[in-house]
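A quick write-up on the structure given underneath.
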Amino acid sequence: MTASVDVKTLVIDEHQVSARAGQTILEVAREHNIDIPTLCHLDGLGDVGACRLCLVEIKGSNKLLPACVATVEEGMEVSTATERLKKHRRTILELLFAERNHICAVCVSNGHCELQALGQSQGLTHVRVPYRNPELPVDASHERFTLDQNRCILCTRCVRVCAEVEGAHIWDVKGRGIDSMVITDLNQPWGESACTRCGKCVQVCPTGALFDKTKVGSDHPKYPDFLPYLNLMREAR
Amino acid sequence: MTLEELDQIAESTRAEYAKYDHEINVCMGTGCLSQHSDQVKDALAKAVAAQGKNAFVRRTGCMGLCAAGPLVLVDPEEVLYQNCTPANAEAIAKSLGGEPVKELQCDLREHFDQQVHVVLENSGHIDPEKIDDYIARDGYQALVKVLTEMTPNDVIQQITASGLRGRGGGGYPTGLKWGTVAKASGDLKYVICNGDEGDPGAFMDRSVLESDPQRVLEGMSIAAYAVGASKGFVYVRAEYPLAVARLTNCLRDARRRGLLGNNICNTPFAFDVEIRLGAGAFVCGEETALIASIEGKRGQPKPRPPYPAVSGLWGRPTLINNVETFANIAPIIRKGGSWFAAMGSERSKGTKVFALTGKIKNTGLVEVPMGISLRKIIEGIGGGVPDGHTFKAVQTGGPSGGCLPAEMLDLGVSYDALLKVGAMMGSGGMIVMDDTSCMVNVARFFMEFCMTESCGKCIPCRAGTAQMHTLLTRFCEGSGTMEDLDLLVELCATVKETSLCGLGMTAPNPVLSTLKYFKHEYIEHIVNKRCPAGVCNIKAPAPQNLQEVSA
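Protein chains in written order, with the numbering used here: chain A, 1 to 237; chain B, 238 to 788.
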């Protein structure tokens, strides 16, 4: 065994922790059971730092850093749940809930939804910003799955899992800003796309935007935990 | 190419022009061309030939005073004619060697005398499509000097000593950036010139690229030598067709002269540049989004670190600077870093090009030393607000900047001073507003810009700008409430602090600065349902019991 493992020591929420150089703050925090809320991050996928829920404060810096991509440094003092962060997280969740049509009562993912769970865990009691109520399409052209744009939060997990893990890259994003939408192929209906029907995108989708047609009511738990194992097995080969 | 060869070209070009008694420079930048200055030039050439005058008619880049275009400058008399038409050609040609044409003459000594031209030193004096014109005005002296006499470290030291800071808006010290890229390990490094100028009302980079493209290229080559790069890209908006055409031409000429390619100046140094066109996304001016765009991906920013200096284009160390930054390099090398550092204010050195637009008499491009007061720029050089209106605010830094009121006019312009009062240097756009502008509506305009230009990747910017736009629209329509105003302030804080890139982080600035200096206008819209400037079309009738509210 070589002795060249570069170890960094830092403080996360008053816990003294050690980490390997190159680890992200999020990885280290989770190893030590310190909870940092995330939405676009998923173990096994590349990080994009887009949802901004995992922002943490670093002592001595006014800038907030996304824990999913910021790497640890020696002597860092990280705070993961200050009042400032909590307030921003709630505002971001409010913005998400008001952006499209998130009506839990009629959603297949009710009770299994990461957005819903985050709203609860972050103490979101009401939404102050005006609901935008956009009219968005539902794509049910696929024989097994349905895409409901109304529930999409543009976390791009589907895009990443399809490109990085499945290797098909049928998902992408069109448009920009508030008009961004996930699309299949070059904006063809999902059923006519080059989809391999593997269903990984459905399993990683945090909300009810992608769901299995055979599921009814709110009976749609998702199992995205297979990804790290899949990656591990591929590396082992 | 050696120094002797360079001097030879310069000599012969100068000798060529010395044969003529007069040089007639016709501005053919985008502004003047839109007023058919090409026809003026043709007519002048014809008139000169017909009258047998010994004069040379030259196409040049921007002369700065775009409001008075098309402009014609007669040298060596230095007579400037404004609003020229092809019909004036006869008279101008006739006047050569005699009295100038009085009715066309533009006498704006005050406008030009207060300016210091470093970046624009050749604009309006050389033909942007002739490399020899540039060489005749000391062009490429700096590159030859760098390649033959200086080590990369010397170059970086000169740039650091000059105190030059990034002209794209952020104001990051250029020498420091170059040093970081030079130290980064990698066999392949890139230099990128950011010409994706997208701020409404800003056209500095366009004018530099149109008027003096070789200068930018020389700056890039020097940078490439200093950081050890062998490949460069110029990223220009496709909306600047003239700049792209002149740049293409400039690259071809530089290759022909052996100033681009392999073994430049008989040294092992090799550098080549390609042009990449932007497809109309404002966010691609952000460096990581620009890099993604060059790579052929969706133009979306990435979290930093890693900074492009360490891992940029295709994962290689990449130096990325603005057009104006590169345009400053050659004079710094020629005249030394201390010459540059002697100009400007304490922490902002040198000069800055500003694009003056809006309610101002002398619309156009000006270059002034840093630290000059806003009043001197707007009332002195700019000629003030026309038509008897009164000055209300100046918007600096485009959608990332802020609106400053009349009380701030004596502020010296520098990166830190502007940041302190809630505005920003930005790339150098300056939009002047008078009493006919409604500040709430202005804030809404910039928010609409940010909303439509947001890439949609991170939530605060994507949904936050849209929500802020909704709230601002409510104010403009007279349906806003004081609760909405509180919510707007909270949204500003979240979007500013949590957004992924500079676009989102600075998107609330126009709202925050108008709230800071013009809050009474917001209150007037909300409480009295009245737009003081009479811009907003508020349909709801004013309530009977008008409340007195002091902001």
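Where a beta carbon is used, it is the ideal one built from N, C-alpha and C, also for glycine.
Does DSSP put T689 (chain B) in a helix, in a strand, or in coil?
Under the three-state reduction of DSSP, T689 (chain B) is assigned to helix.
Applying a beta-carbon distance threshold of less than 8 Å, which residues of chain B neighbour I178 (chain A)?
Within 8 Å Cβ-Cβ: M688, S691, G693, R699, A700, T702 and A703.
Straight-line Cα distance separating L136 (chain A) from C639 (chain B)
Per the sequence presented here, residue 639 (chain B) reads as Gly, with Cys not at that position. Computed Cα separation, rounded: 35 Å.
Relative to the C-alpha of C773 (chain B), which candidate in B:R681, B:K694, B:G701 and B:M688 has its C-alpha closest?
B:R681
Nearest by alpha-carbon distance to T9 (chain A): which of A:R52, A:P66, A:R30 and A:V72 is it?
Of A:R52, A:P66, A:R30 and A:V72, the residue nearest in Cα terms is A:V72.
I'd like the span of the alpha helix (DSSP H) that includes C201 (chain A), first residue to last.
That run of the alpha helix (DSSP H) goes K200 to V204.
Starting from the beta carbon of A516 (chain B), find every residue of chain A whose beta carbon is closer than 9 Å, and list them in chain order.
Near A516 (chain B) there are no residues of chain A at all, since even the closest Cβ is about 11 Å away, more than 9 Å.
In the region 710 to 749 of chain B, which residue ranges form an unbroken beta strand (DSSP E) of at least 3 residues, counting only runs that do not cross its ends?
Counting only runs of 3+ residues, no beta strand (DSSP E) is found wholly inside the region 710 to 749 of chain B.
To the nearest angstrom, how far is the alpha carbon of S789 (chain B) from that of V138 (chain A)?
Limits of chain B in this structure are 238 at one end and 788 at the other, which puts residue 789 (chain B) out of reach.
Hey, how far is the Cα of C207 (chain B) from the Cα of G517 (chain B)?
Summary: the structure shown does not reach residue 207 (chain B), with chain B confined to residues 238 through 788, and so no result is reported for it.
Between E99 (chain A) and chain B, is any beta-carbon pair separated by less than 9 Å?
yes
Give the interface partners of P505 (chain B) over in chain A, defined as CB-CB distance under 9 Å, in chain order.
Result: empty, since nearest Cβ-Cβ is about 36 Å, beyond 9 Å.
Tell me whether E50 (chain A) sits in a helix, a strand or coil according to DSSP, three-state version.
One detail in the question is off: residue 50 (chain A) reads as Ala in this sequence, not Glu. If DSSP states are grouped into helix, strand and coil, A50 (chain A) belongs with coil.
Using beta carbons (cut-off 9 Å, strictly below), is M1 (chain A) in contact with chain B?
Any reading at M1 (chain A) must be qualified, since the residue scores a pLDDT of 46, below 50, and its modelled position is unreliable; no value is offered.
Roughly how many whole angstroms lie between the Cα atoms of I178 (chain A) and K222 (chain A)?
27 Å
Would you say R52 (chain A) faces chain B, with C-beta separation under 9 Å as the test?
yes
Would you kindly report the start and end of the unbroken alpha helix (DSSP H) that includes K382 (chain B)?
Q378 to E386
Using 8 Å for Cβ pairs, my map puts V510 (chain B) next to V464 (chain B). What's the rounded Cβ distance?
Contact flag wrong, Cβ pair sits at about 14 Å.
Could you name the residues of the region 75 to 94 of chain A whose beta carbon sits closer than 7 Å to any beta carbon of chain B, in the order they occur along the chain?
Correct list: H88, T91 and I92.
Residue range of the unbroken alpha helix (DSSP H) whose run includes S448 (chain B):
For S448 (chain B), the enclosing alpha helix (DSSP H) starts and ends at M441 to S448.
Apart from the five residues on each side of it in sequence, which residues of its chain come closer than 7 Å, Cβ to Cβ, to R541 (chain B)?
T525
Below-9 Å beta-carbon distance, G60 (chain A) vs any chain B residue
no
Residue closest to R100 (chain A), alpha-carbon to alpha-carbon, out of A:G217, A:A81, A:L154 and A:H169:
Among A:G217, A:A81, A:L154 and A:H169, the Cα nearest to that of R100 (chain A) is on A:L154.
Using the C-alpha atoms, what's the distance from S121 (chain A) back to D35 (chain A)?
11 Å
Name the chain A residues that come within less than 7 Å of I528 (chain B), Cβ to Cβ?
The contacting residues do not exist; I528 (chain B) stays about 15 Å from chain A at best.
Whole runs of the beta strand (DSSP E) within the region 585 to 644 of chain B, excluding any shorter than 3 residues:
588 to 595, 601 to 606, 628 to 633 and 639 to 642
Is there a Cβ from chain B that is less than 9 Å from the Cβ of D6 (chain A)?
Residue-level contact check: D6 (chain A) does not touch chain B, since none of the beta carbons of chain B fall below 9 Å from its beta carbon.
Option in A:V69, A:R30, A:L64 and A:I12 with minimal Cα separation from C40 (chain A):
A:V69
So, is K420 (chain B) buried or exposed, given that buried needs 16 or more other C-beta atoms within 10 angstroms?
exposed
Can you tell me whether T250 (chain B) is buried or exposed? The criterion is at least 16 other CB atoms within 10 Å of its CB, across all chains shown.
buried
Looking at chain A, is there any beta carbon in it that lies within less than 9 Å of the beta carbon of T735 (chain B)?
yes
Between M662 (chain B) and G408 (chain B), which are expected to be in contact by the criterion C-beta below 8 Å, what is the C-beta distance as a whole number of angstroms?
6 Å
Runs of 4 residues minimum, wholly inside the region 112 to 167 of chain A: which ones carry the alpha helix (DSSP H) assignment?
114 to 121 and 157 to 160
Would you give the residue range spanned by the beta strand (DSSP E) that R513 (chain B) belongs to?
D509 to G515
Alpha carbon to alpha carbon, how far is G717 (chain B) from L656 (chain B)? Give it in angstroms, no decimals.
29 Å
List the residues of chain B whose Cβ lies closer than 7 Å to the Cβ of L154 (chain A), in chain order.
G693
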